[in-house]
Structures are given as structure tokens and as C-alpha cells.
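As numbered in full-length UniProt numbering, residues 1 to 144 make up the sequence shown, in order.
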Amino acid sequence: MSDDQSDKLKAARQVLYEAGLDLRRAVTGAEHVDRSTRNVSEFSRAMQELATELGWGAIWTRPVLSRQQRSLLNLAMLTALGKGHELGVHVRGAVRNGCSLLEVRETMLHASAYAGLPAGLAAFRVAEGVLSEMREKEGFKAKL
């Protein structure tokens, strides 16, 4: 690869990273992003950068699907995959993106029917914990 191509790729990745970082902060909150980037080891830094560039910069910024739709898709997939920590991040993100608690609940119920009840029960425990924390620490008041 020529130096010119390498420079162009580096610049493109930087654009994706910056767009992804802005969107990631908007969806998951600055505190979460700051904690994730501040506490990352040199070994894991490349993964954080890739997640920001690809997941947030290249995928979440695409047209057609709204942030709410993307949030609900993430809730369904993370429920099915049993990825509790990331599910918690995205429950908070779905609420920040304007999803109602009914939409969050129905999405997780729907995923549970296909992924299995144990996965669904675990996901509901995670979501309940996040919503409880949001009520206590952030004054979140939404109801079903």
C-alpha cells in the first residue's frame, strides 16, 4: 500500500472514529464513554477504537433506520446473545434515544420467545437493574 493510500485510510478512519465517538456519547452518555476510554489498556485500545469506528461511526450513522429502531434491534440481539453488560448499556441508550419502556419490554419479550426464556429472564434482570439505577441516580420517572 502506498503512503498516499495509507494516509487516506487513516484520515477516513479518523472521520469514522470522531463521528462514532459523538454518537456514542449521545446514546450511551459521556460518563460511560469517558469511563470506557479512560480505563482501557494499551492491549484493548484497538478494540475500543474499532467498536467506535465500525459500530458507532460506520453503522449507527447510516441512513434509513432511526436511533430508536437501532436501539431496539440491539436490545433484541443482546438479549438473544446473553450479553448482559452491553445490554445494560443499550437499555439506557434506548431510553435516551426516546424508546418507551413498553417498546423496550416488548422487544425483549419478542427476543425471549426466539432466544429462550432463560436468556429473556436474564435480560429482564439486567434491564430492571439499569432502570432502577436510572430512577435513583438520574431522576428517571417514565412508567409503562
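Even for Gly, the Cβ is constructed at its ideal location relative to N, Cα and C.
The structure displayed is predicted, hence computed values, not measured ones.
Figure out for me which residue from 116, 81 and 129 has the closest Cα to the Cα of residue 145.
-> As shown, the chain starts at 1 and ends at 144. That puts residue 145 outside it, with no answer to give.
Segment limits, alpha helix (DSSP H) that includes residue 57 = Residue mapping note: residue 57 aligns to position 57 of the sequence shown, counting from 1. Unbroken run through residue 57: none, as it is neither H nor E.
How many Å lie between residue 103 and residue 45 at the Cα?
-> The residue labelled residue 103 in the question sits at position 103 within the sequence shown. The residue labelled residue 45 in the question sits at position 45 within the sequence shown. When rounded, the distance between both Cα atoms is 34 Å.
Beta-carbon proximity of residue 119 to residue 80, cut-off 8 Å = As a first step, residue 119 is located in the sequence shown; it is residue number 119 there, counting from the start. As a first step, residue 80 is located in the sequence shown; it is residue number 80 there, counting from the start. It is a contact, given that the beta carbons lie within the stated cut-off.
Rounded C-alpha distance that separates residue 84 from residue 8 = Translated into the one-based positions of the sequence shown, residue 84 becomes position 84. Translated into the one-based positions of the sequence shown, residue 8 becomes position 8. Their Cα atoms are separated by approximately 37 Å.
What's the gap between the Cα of residue 56 and the Cα of residue 67?
-> Translated into the one-based positions of the sequence shown, residue 56 becomes position 56. Translated into the one-based positions of the sequence shown, residue 67 becomes position 67. Those two C-alpha atoms are separated by around 11 Å.
Considering only residues of the same chain and omitting the five flanking positions on each side of residue 6, which have a CB-CB separation below 6 Å?
-> Walking along the sequence shown from the start, residue 6 turns up at place 6. Hits under 6 Å: none found.
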